[in-house]
Amino acid sequence: MNTENSATGEGKGGDVIVETVSRLMVPFIQLFALYVIIHGASGPGGGFQGGVIFAASFILLVIAFGIVDAGDRFPEAVNTALFSLGVYIFAGVGLLCVILSFGAAQYLNYGFIPLTTHFEENRALGMDLVEIGIGITVMAVITSIFFNLVWKRESEEEVGEKEEQE
Amino acid sequence: MKLISAMALVSVIFLGALFIYVAEDIPDFGDPYSPPNRYVKLDVSMDADELVDDLNQGIVPETLVSELEAIGFRKDELPLKVKKVKEGEWDAIIIPEEKHYYPKEQVYYLIKAEEDKLEVYRYAPVVRYIEEGHHETEVPNMVTYILADYRGYDTLGEVTVIFTAGVGVILLLRRREKRIIEEAREKTGIGNHKITQISTQTFLERKFDQRNCFLIKLFSKKF
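For the record, the sequence lines run as chains G and W. Counting in the working numbering, the final residue of the first sequence is number 166, and the numbers go up one at a time with none missing. Counting in the working numbering, the final residue of the second sequence is number 1223, and the numbers go up one at a time with none missing.
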């Protein structure tokens, strides 16, 4: 393998079929992940499962295009911000219940968020919001773990190749 | 950069304070009056007058047994003992026919005296989740409403655990050398693959602190 290519990440993978198929598949995987998250209330699924499926789409990108290209599409700074965004959505929805009921309701008692006029409908919608938060956190964490492992691996491989050449 | 650090600090302190508040706000374990543990009301009501004395003496009234049987409870779910909790409230205890090594007594019903009537409730949070959950939350998926609503504190903790795992991975594995090479590339305008090829030791030593840079140690061995 050429040293120049391996250092920049170009030429890894490089199969036309793999790249084209994965480029076509990724939007559908992401759409399915969103479906699983949103329909967590009315069917099988939920935040954890949907988040992992969403992360799988980025993992497919890395496998097909190499870490450098995929890393450009999904920058690490954004990923780190999404980490905490999910937790803050969850905790914030819980706090909204306390604030909007003027301290009467318990934390995470979704019925007191006045989204609709029905107490039970509010609970259902609050659950959806919470599921979105869970999905964001799980997606960001799984993606970040995979990306960091791949970066580590690549750097070790580069060092190993350099030692072999000399 | 300073502003971002300050904002991060403020939000971390906010979240920490919020979690302390949450820990204070959790209902006591097994508290029957906390919303998820409330008992389910059964469609049984009897006149209190004659039965209160029986209940106080620990005798199970026969009308209660027959009423419960009429609703459709199994034979081993009918009360065998009655225990007084406080004035006007009794626990009814059953011994379920399960293949335990030791048959276990189970507190199953709560009998309450309300204005000359005896109302019968049924304990056990699980029963409440199954029987009342769809009615109370308008969500058809049982797993979701238990996880996200009744056991919301638990799920909040799970998400925090996953978040912590991610932060740990970032601290251990995020590649510092990559950032250093990119900074060097920006300053010199050379591609990073060429930086590793030309003799970079003097350049890097001048620019960066040697103690923190893994790459420089590597190069200083070789060149």
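Don't be surprised by glycine CBs; every beta carbon is placed ideally from N, CA and C.
With a cut-off of 7 Å, does the C-beta of residue i fall near any C-beta of chain W?
i: G:N180; result: Residue 180 of chain G lies beyond the stretch modelled for chain G, which goes from 1 to 166, so this question has no answer here.
i: G:Y107; result: yes
i: G:N79; result: no
i: G:T218; result: One cannot answer for residue 218 of chain G here, as it falls past the ends of chain G, which runs 1 to 166.
i: G:A56; result: no
i: G:I113; result: no
i: G:G9; result: Note that G:G9 scores a pLDDT of 48, beneath 50, so its modelled location is shaky; the value from the coordinates is reported in the next line. No, its Cβ sits nowhere closer than 7 Å to a Cβ of chain W.
i: G:A168; result: With chain G covering only 1 through 166, there is no way to say anything about residue 168 of chain G.
i: G:I172; result: Residue 172 of chain G is absent from the structure shown; chain G starts at 1 and stops at 166.
i: G:M25; result: no
i: G:F32; result: no
i: G:I67; result: no
i: G:F83; result: yes
i: G:I134; result: yes
Could you compute how far the alpha carbon of residue i sits from the alpha carbon of residue j?
i: W:I1162; j: G:I145; result: 11 Å
i: W:Y1121; j: W:Q1057; result: 20 Å
i: G:A77; j: G:G51; result: 19 Å
i: W:A1070; j: W:G1088; result: 24 Å
i: G:L149; j: W:L1173; result: 7 Å
i: W:Y1011; j: G:G46; result: The sequence shown places Ser at residue 1011 of chain W, not Tyr. Their Cα atoms are separated by approximately 27 Å.
i: G:A140; j: G:S101; result: 32 Å
i: G:L115; j: W:T1160; result: 26 Å
i: G:A105; j: G:I67; result: 47 Å
i: G:S6; j: G:E161; result: Residue placement at G:S6 is flagged as unreliable, the pLDDT there being 45, under the threshold of 50; a coordinate-derived value is accordingly withheld.
i: W:P1140; j: G:N109; result: 18 Å
i: G:V18; j: W:F1019; result: 46 Å
i: W:V1065; j: W:I1093; result: 12 Å
i: W:E1132; j: W:Y1123; result: 13 Å
i: G:Y107; j: G:V93; result: 9 Å
i: G:I113; j: G:G126; result: 8 Å
i: G:E163; j: G:V87; result: 44 Å
i: G:G103; j: G:G71; result: 44 Å
i: W:Y1108; j: G:A55; result: 45 Å
i: G:Q49; j: W:D1054; result: 54 Å
With a threshold of 7 Å between beta-carbons, can residue i be considered close to chain G, or not?
i: W:E1138; result: yes
i: W:A1006; result: no
i: W:F1073; result: no
i: W:R1151; result: no
i: W:L1171; result: no
i: W:L1055; result: no
i: W:L1003; result: no
i: W:V1040; result: no
i: W:R964; result: As displayed, chain W neither begins before 1001 nor continues past 1223, which places residue 964 of chain W out of reach and without an answer.
i: W:L1068; result: no
i: W:V1107; result: no
i: W:V1022; result: yes
Run through chain G and tell me which residues come within less than 8 Å of residue i, C-beta to C-beta.
i: W:L1156; result: F90, A91, G94, L108
i: W:A1165; result: V141, I145
i: W:I1162; result: T137, V138, V141
i: W:L1009; result: By Cβ distance, chain G contributes nothing, its closest Cβ being about 13 Å from W:L1009, past 8 Å.
Using only the heavy atoms of the ligand FMN, determine whether one of them is closer than 6 Å to the beta carbon of residue i.
i: G:A81; result: This structure simply doesn't include the ligand FMN, nor any ligand for that matter.
Near residue i, what residues of its chain come up, given a Cβ to Cβ distance below 8 Å and the 5 sequence neighbours on each side ignored?
i: W:T1137; result: Y1145, D1149
i: W:S1045; result: K1117, L1118, E1119, V1120
i: W:I1095; result: D1076, L1080, P1103, K1104, E1105, Q1106
i: W:V1127; result: V1040
i: W:D1047; result: D1116, K1117, L1118
i: G:T80; result: A140, S144
Please work out which residues of its chain come closer than 6 Å, Cβ to Cβ, to residue i, disregarding the five sequence neighbours upstream and downstream, and give them in chain order.
i: G:I29; result: S57
i: W:Q1197; result: Residue confidence is low: W:Q1197 scores 47 on pLDDT, short of 50, so the model does not pin down where it sits. Its coordinate-derived value is still stated next. Closer than 6 Å at the Cβ level, and outside the excluded window around W:Q1197, lies no residue.
i: G:L82; result: I136, A140
i: G:E120; result: none
i: G:D69; result: none
i: W:V1060; result: P1079, V1082
i: G:G111; result: F119, N122, R123
Cβ closer than 9 Å: which chain W residues qualify as neighbours of residue i?
i: G:S46; result: It is worth fixing the name first, because residue 46 of chain G is Gly in this sequence and not Ser. Ordered by position in chain W, the residues that pass the 9 Å Cβ test against G:G46 are N1141, V1143, T1144, L1147, A1148.
i: G:I99; result: By Cβ distance, chain W contributes nothing, its closest Cβ being about 12 Å from G:I99, past 9 Å.
By the criterion of Cβ-Cβ separation under 7 Å, what are the contact partners of residue i in chain G?
i: W:D1225; result: The displayed coordinates of chain W run from 1001 to 1223. Any statement about residue 1225 of chain W would go beyond what the structure contains.
i: W:L1018; result: A91, L95
Residues of chain W with CB closer than 8 Å to the CB of residue i, please, in chain order.
i: G:E19; result: None at all; the shortest Cβ gap to chain W is about 22 Å.
i: G:V87; result: L1015, V1159, T1160, F1163
i: G:I53; result: Those do not exist, as G:I53 stays about 15 Å from chain W at its closest Cβ, beyond 8 Å.
i: G:I37; result: Simply none; closest approach about 11 Å.
Using a C-beta to C-beta distance shorter than 7 Å, which residues of chain W count as neighbours of residue i?
i: G:E131; result: A1148
i: G:A64; result: Neighbours of G:A64 on chain W: none; closest Cβ ~21 Å, over 7 Å.
Near residue i, which residues of its chain fall below 7 Å by C-beta distance, leaving aside the five closest residues on each side in sequence?
i: W:L1147; result: T1155
i: G:A64; result: G13, V18, E19, S22
Note down, in chain order, every chain G residue with its Cβ under 9 Å from the Cβ of residue i.
i: W:Y1129; result: Those within 9 Å of W:Y1129 in chain G number zero; the least Cβ separation is about 14 Å.
i: W:V1065; result: The contacting residues do not exist; W:V1065 stays about 35 Å from chain G at best.
Can you check whether the C-beta of residue i is within less than 7 Å of a C-beta belonging to chain A?
i: W:Q1057; result: You won't find chain A in this structure, because its protein chains are G and W.
Cβ pair count under 8 Å reaching 3, the stretch 93-100 of chain G against the stretch 1109-1116 of chain W: Contact between the stretch 93-100 of chain G and the stretch 1109-1116 of chain W is absent, because fewer than three Cβ pairs lie under 8 Å.
Assess, as a yes-or-no matter, whether the stretch 1156-1174 of chain W is touched by the stretch 1079-1091 of chain W under the definition of 3 or more beta carbon pairs within less than 8 Å. As far as the Cβ criterion goes, the stretch 1079-1091 of chain W does not touch the stretch 1156-1174 of chain W, which means the pair count is below three.
Counting Cβ pairs closer than 8 Å, one from the stretch 32-48 of chain G and one from the stretch 117-132 of chain G, do we hit at least three? These segments touch.
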